[in-house]
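Take the sequence shown: its letters are residues 133 to 301, numbered as in our numbering.
For glycine and all other residues, C-beta sits at the position ideal for the given N, C-alpha and C.
Here is the structure we will look at, set down as structure tokens.
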Amino acid sequence: MTSFKPDEVIERPLPLTTRLHHVEEFVAGTKAIIKHKGAVACYKPSVDEIHMPKMQKFIDTEFSSATENYYSTLAHELVHWSGHKDRLDRDMGKRFADEKYAAEELVAELGAAFFCAELDISRSPRPEHASYIENWLQALKGNKYLITTAANNASKAMGYLNKLQSVAI
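This is the structure we're talking about:
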């Protein structure tokens, strides 16, 4: 049995409101164009904009608050945004079932997980994950290095987003 030593510091997580404030500052630091319209979150490379449903459309889940769900979804779209030809220039694919699109979705999912871990917010599974999994499995069958490449690209995306920050969080 280990005992508490008086000179030990116990790390406690920051309150959720503080963590969400850090997330808001981080997102603002990217200077991405984010428009709140529609019912579906997406990144539109042709106009270099992220479209998000209004925050009020997100709900609390067993694992995450509505606000955390909003920001984890936005993180996914920010990772796509980082891949624009004027930034990290990733090939994002053309359509839902194409292998490059599946690979880009895997990059965005891993990057969003890194974002949430780095900024200490919870992340709930999203309904579209089920539809992505079949595409990821097909893409993984065709390319045994896909997961490594996707994780590397997701790490580069987070590195890029971190470099955009004027203040360390």
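In terms of CA proximity to L146, D252 leads the group G274, F190, M224 and D252.
Taking C-alpha positions only, K189 is separated from F246 by approximately 24 Å. In the three-state DSSP reduction, K176 falls in the strand class (E or B).
Here H183 is bridged, per DSSP, to K167 and C174. In the structure shown, M224 falls within a coil segment according to DSSP collapsed to helix, strand and coil. In this structure, the alpha-carbon of A198 lies about 27 Å from that of A282.
CA-CA distance, F158 to Y277, rounds to 31 Å. With respect to the C-alpha of A271, the residue from L293, K217, E231 and E194 having the closest C-alpha is E231. A direct Cα-to-Cα measurement between K273 and T280 gives close to 13 Å.
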